[in-house]
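Engineer: Mapping of the sequence shown onto the working numbering: residues 1 to 170, in sequence order.
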Amino acid sequence: MFVFGNAEDVFAMAVRIEENGNAFYTGAMKRANDPGLKKLFEDLAAMEEGHIAAFKALRAEVIKSSPAIGVWDPEGLAEAYLQVTADSHIFTLEEATSRLAKIRSVLDALDVALQFERDSVAFFVGMQKMLPDVEGKNKIDVLIQSEMDHIRMISAVKKRFASGGEPSLF
């Protein structure tokens, strides 16, 4: 029998993902020369702040309703899945800053943003499957839909820059 951490630990990881997304988007906003791109990153940073608050609230609810609930994972699949997803994420502020420093073009920045959002969706889908209560799963589904909206927003801007050429370096 194997229990992977507890729901509180998984929510803490989700908060950290969102905090680092916020740090990346805030840094990208400061570096962007194009006003539309600057606005996109500003909006994404603000949305990540909303997700941070949402995950913190969900975490508090989970702790309050069942503080020691473990996440049942008899084959270790959930742990492996979340660990691989977490390892591919920008997990520290230093890594977010380092990744941002390596970006040389608008399209590079948008590609990093797209990968970050895709990884977030994958992590949150795995997280959702592990949670025992339906209400928590439904709330995470709303956040997953929001992350998917981010992917659509970023993709639309990337398409605009890719078809018209990049206006300036990042």
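Note that the Cβ used here is the ideal one computed from N, Cα and C, for glycine as well.
1. If you reduce the DSSP assignment to three classes, tell me which class Glu-147 lands in.
2. Asp-34 by DSSP, collapsed to three states: which one?
3. Under a three-way DSSP split, which group does Arg-104 fall into?
4. Taking 7 angstroms as the limit between beta carbons, can you name the residues of its chain near Val-112, skipping five residues before and five after?
5. Please classify Glu-75: does DSSP put it in a helix, a strand, or coil?
6. Comparing C-alpha positions only, which one of Met-13, Phe-24, Leu-131 and Ile-17 sits nearest to Phe-41?
7. Here's the rule: buried if 16 or more other CB atoms are within 10 angstroms of the residue's CB, otherwise exposed. What is Val-62?
Structural biologist: The answer reads as follows:
1. Within the sequence shown, residue 147 is the residue found at index 147, counting from 1. In this structure, Glu-147 counts as helix in the three-state DSSP scheme.
2. By 1-based counting over the sequence shown, the position of residue 34 is 34. Reduced to three states, the DSSP call for Asp-34 is coil.
3. Working through the sequence shown from its first residue, we reach residue 104 at position 104. Here Arg-104 sits in coil by DSSP.
4. What you label residue 112 is simply residue 112 of the sequence shown in a count that begins at 1. These residues qualify, in order along the chain: Arg-99 and Ile-103.
5. Mapped onto the sequence shown, residue 75 falls at position 75. It is coil, neither helix nor strand.
6. Numbered from 1 along the sequence shown, position 41 holds the residue referred to as residue 41. Residue Phe-24 is the option with its Cα nearest to Phe-41.
7. The residue you call residue 62 lines up with position 62 of the sequence shown. With 16 or more other Cβ atoms within 10 Å, it is buried.
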